[in-house]
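The listed protein sequences derive, respectively, from chains F and R.
Quick note: the first sequence uses the working numbering, first residue 1, plus one each step.
Quick note: the second sequence uses the working numbering, first residue 1, plus one each step.
Protein chains: 2
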Amino acid sequence: MAADETPVRPRRGPSMADVARLAGVSGQTVSRVANDRHNVDAATRDRVLAAMREVGYRPNNAARALRNGQFRSIGVIVFELSSVGNTRTLDAIAAAATMTGYAVNLLPVLDATQGAVSNAFTRLGEQAVDGVIILIEAHMLDEAEVLLPEGLPVVVVDSSARYDYPIVDNDQAQGARLATEHLLDLGHRTVWHLGGPPSSFAASRRRRSWEKTLTDRGCPVPPVLVGDWSAGSGYEAGKQLAADPDVTAVFAANDQMALGLLRALHEAGRAVPADISVVGFDDVEEAAHYWPPLTTVRQKFAEVGRLSVDALISEIQAGEHHHQPVSVPTELVSRGSTAPPR
Amino acid sequence: MAADETPVRPRRGPSMADVARLAGVSGQTVSRVANDRHNVDAATRDRVLAAMREVGYRPNNAARALRNGQFRSIGVIVFELSSVGNTRTLDAIAAAATMTGYAVNLLPVLDATQGAVSNAFTRLGEQAVDGVIILIEAHMLDEAEVLLPEGLPVVVVDSSARYDYPIVDNDQAQGARLATEHLLDLGHRTVWHLGGPPSSFAASRRRRSWEKTLTDRGCPVPPVLVGDWSAGSGYEAGKQLAADPDVTAVFAANDQMALGLLRALHEAGRAVPADISVVGFDDVEEAAHYWPPLTTVRQKFAEVGRLSVDALISEIQAGEHHHQPVSVPTELVSRGSTAPPR
DNA sequence: CCTCCTCATGTTTACGTCAACATTGCCGCG
DNA sequence: CGCGGCAATGTTGACGTAAACATGAGGAGG
Chain F
1 MAADETPVRP RRGPSMADVA RLAGVSGQTV SRVANDRHNV DAATRDRVLA AMREVGYRPN
61 NAARALRNGQ FRSIGVIVFE LSSVGNTRTL DAIAAAATMT GYAVNLLPVL DATQGAVSNA
121 FTRLGEQAVD GVIILIEAHM LDEAEVLLPE GLPVVVVDSS ARYDYPIVDN DQAQGARLAT
181 EHLLDLGHRT VWHLGGPPSS FAASRRRRSW EKTLTDRGCP VPPVLVGDWS AGSGYEAGKQ
241 LAADPDVTAV FAANDQMALG LLRALHEAGR AVPADISVVG FDDVEEAAHY WPPLTTVRQK
301 FAEVGRLSVD ALISEIQAGE HHHQPVSVPT ELVSRGSTAP PR
Chain R
1 MAADETPVRP RRGPSMADVA RLAGVSGQTV SRVANDRHNV DAATRDRVLA AMREVGYRPN
61 NAARALRNGQ FRSIGVIVFE LSSVGNTRTL DAIAAAATMT GYAVNLLPVL DATQGAVSNA
121 FTRLGEQAVD GVIILIEAHM LDEAEVLLPE GLPVVVVDSS ARYDYPIVDN DQAQGARLAT
181 EHLLDLGHRT VWHLGGPPSS FAASRRRRSW EKTLTDRGCP VPPVLVGDWS AGSGYEAGKQ
241 LAADPDVTAV FAANDQMALG LLRALHEAGR AVPADISVVG FDDVEEAAHY WPPLTTVRQK
301 FAEVGRLSVD ALISEIQAGE HHHQPVSVPT ELVSRGSTAP PR
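Here it is as structure tokens:
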């Protein structure tokens, strides 16, 4: 940050003054045309429009933002785009924001540790956005929270309940219950669980809900296997599960781990779903074409994205806090990877 | 765009003037501290820093941008984030841009058709970015090009050679040759191809290179099957291929179609790789855990993202055009889905 | 002891836009 | 004919920042 020796020639474009001169009107009239005000004579408007086109005028957003005191832009803090859920949520956020006339600023968190404190508060919220949607796991937020500027509207997409920001997320608990009950309803004695990393709030929500569903039904609770969301970790866990003849049903905390699990079962010669049933979580686009096609819990990322933009914008514009967390229900998508035990 | 009745109270934060007053210095000195200039007395700097912290000062980027004539922000035009390649490239772009001190503005193209012309030139490049990276297929660019503001630095990530913008992309032709030769080298008489949609330049590059590799080697060129990148389209194509006993090797133009293909072959009872070998393209994260693990061509999206940011920034700062397209070589990742014909 | 230089700091101004207030000209109505 | 009113257009100023220039204090060197 210290070195910033970039002698960039600004290359400023034409401004309202240039258009005004060419059209023979005042800058204010140009402004009125640019903002579609009705109180401009049709002939004048045409003249201004023509002048704009001729000089290639584009309004300068910086000046606008300075004048208006708002940027019409929202920031999205993400850690890694690699996660399917983040990507799909971001896509929906971008669409919703664009339709509302807001720009989307991507604020990637490059590493978990924050740099020098002197820069810190200059960094993230550098007042170029009107609000922020946070897509990173809540535990990462803990470290970063210090530098979240006060007064900046924030919406968190996470199932953590610890923050007094508005929260929007898929209903993790309901989804996990759906998955577990589906397997029990098929007649399995109990359901094993391949969970996500302990650092993830969503993972622990799913695990707890799975556990509660089992105990509610009076089923034994097998030990939890722990993965890191990756197909590789699912594969490793799958090798263990394949070796245990007691296992007839597994609920994986996401589709990628389920995929690795499937591979391990294939390699071990355990048939799915004949020997072992598998349920995933997410419903990634490819899940329908896994072998066998994966029964999974569909998360409505698009809905979550849309709702989080709604929440943020209403907070930006009205200052309203929705302290009631918004939970988007999931649904079970039944495909070929589950069947009654034999 | 006509309706814009949002009475937002600006809620401006503290400015340099507030800090200056509190610290008992001039605004200019605050500016110097904020920009890490060296010619400020240590004691004064501390005082200013303390004042900044006290009032919660954050520099106003709009004012900065207005003053400096540049935004330190780049726009990324994407059509859909759903494509794996786009997402991974975007991730790399965001990381590279952030490290260079540039913000990333996501500019989603919501639909292929553009709206009213009167808004059009107000829309996209609304002068809030210093340059643009275009991640959409080139053919979509044709329709939108009209409204690309002149003088705005642009880098295109696409293998189309038609534009006089700097171009960065994975080397599609080399990758397709790698895939085809791999199968021929294993002893297959020829290689079938499941191509991407005709609208995609990358898809046609891969197809042409596959064809050329076959003819160079004197192999017969089977008819091309056409998909739309989705696993579903791969599945449909796979059903056809599975029914043809002549088929022993298939090169799918991406991993998702390869996945659908694998599923179709499983359902038809055709063993992979014993009966049919399959090669994909992309090397998505899950490819190693498909069943069987997929041999594929790895694209270096991260590299492409990094290089495109480099190209854009050097153009922004120096006005240099790299009219020489940049091709990033791919590499073949050999896994379990390919074997010699039996 | 005076001059000149350096370095910290202050003052002025412009960046592009748009709200608020001014001005002009025209129309209708008494 | 005169006056109020309205519609179109112009003028002024402020948003927050930082470059350019100005000022002033101290130090080195003759």
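All C-beta atoms, glycine included, are put in the ideal place defined by N, C-alpha and C.
Remember, it's a predicted structure, so these values are computed and weren't measured experimentally.
Against chain F, the CB of R/Phe301 has no partner CB under 8 Å away; the residue lies outside that interface. Relative to the Cα of F/Val19, the nearest Cα in the group F/Tyr290, F/Val40, F/Ala51 belongs to F/Ala51.
A Cβ-Cβ contact shorter than 8 Å links R/Phe71 with R/Asp130. In the three-state reduction of the DSSP assignment, R/Phe71 falls in the coil class.
For R/Trp291, the C-beta contacts it makes with chain F under 7 Å involve Leu262, Arg263, His266, Trp291, in order along the chain.
With fewer than 16 other beta carbons inside 10 angstroms of its own, R/Ala17 counts as exposed. Nearest CB-CB separation between R/Pro340 and chain F: not below the 8 Å threshold. In this structure, the CA atom of F/Gly232 is about 21 Å from the CA atom of F/Glu137. For F/Gln256, the residues of chain R that pass the 7 Å Cβ criterion are Glu286, in the order they occur in the chain. Along the region 80-98 of chain F, going in chain order, the ones with a CB nearer than 8 Å to a CB of chain R are Glu80, Leu81, Ser82, Thr87, Arg88, Leu90, Asp91, Ala94, Ala95, Thr98. Residue-level contact by beta carbon holds for R/Leu259 and chain F, with a gap shorter than 8 Å.
Residues of the region 208-241 of chain R with a C-beta atom less than 9 Å from some C-beta of chain F are Ser230, Ala231, Gly232, Gly234, Tyr235, listed in chain order.
With a cut-off of 8 Å on Cβ pairs, the region 153-167 of chain R is in contact with the region 302-322 of chain R, counting three or more such pairs. Scanning chain R for C-beta atoms nearer than 9 Å to the C-beta of F/Pro149 yields Gly13, Gly56, Arg58, reported in chain order. Using beta-carbon distances, R/Pro108 counts as an interface residue toward chain F, with a partner under 8 Å. Judged by beta-carbon spacing, R/Ala288 lies beyond the 8 Å limit of R/Arg342, meaning their Cβ atoms are not closer than that value.
Around the beta carbon of F/Thr215, fewer than 16 other beta carbons lie within 10 angstroms, which makes this residue exposed. Taking one beta carbon from each stretch, the region 201-213 of chain F and the region 243-262 of chain F have 3 or more pairs nearer than 8 Å; the two touch. Remark: C-beta atoms of F/Val278 and F/Val272 approach each other more closely than 8 Å. Of all C-beta pairs linking the region 211-225 of chain F to the region 180-198 of chain F, three or more are shorter than 8 Å, placing the two stretches in contact. Rounded to the nearest whole angstrom, the C-alpha separation of F/Gly151 and F/Val224 is 42 Å.
About 5 Å separates the beta carbons of R/Ala202 and R/Gln172, which is inside the 8 Å limit, making them a contact pair. Looking only at R/Asp185, R/Lys239, R/His38, the smallest Cα-Cα distance to R/Gly269 is reached by R/Lys239.
If you look at F/Asp164, you'll find it isn't in any beta strand (DSSP E); DSSP assigns it neither H nor E. Put simply, of F/Ser308, F/Arg58, F/His193 the residue whose alpha carbon is nearest the alpha carbon of F/Ala96 is F/Ser308. R/Gly131 is outside the set of residues whose beta carbon lies under 8 Å from a beta carbon in chain F.
When the five nearest sequence neighbours on each side are left out, the beta carbons in the same chain lying within less than 6 Å of the beta carbon of R/Thr295 are those of Val279, Ser334, Arg335, Ser337, Thr338, in order along the chain. For R/Asp282, the secondary structure class from DSSP, reduced to helix, strand or coil, is strand. Excluding sequence positions up to five before and after R/Leu22, its CB lies within less than 7 Å of the CB of Ala51, Glu54, Val55, all in the same chain and listed in chain order.
Taking CB atoms only, R/Ala179 has no neighbour in chain F less than 8 Å away.
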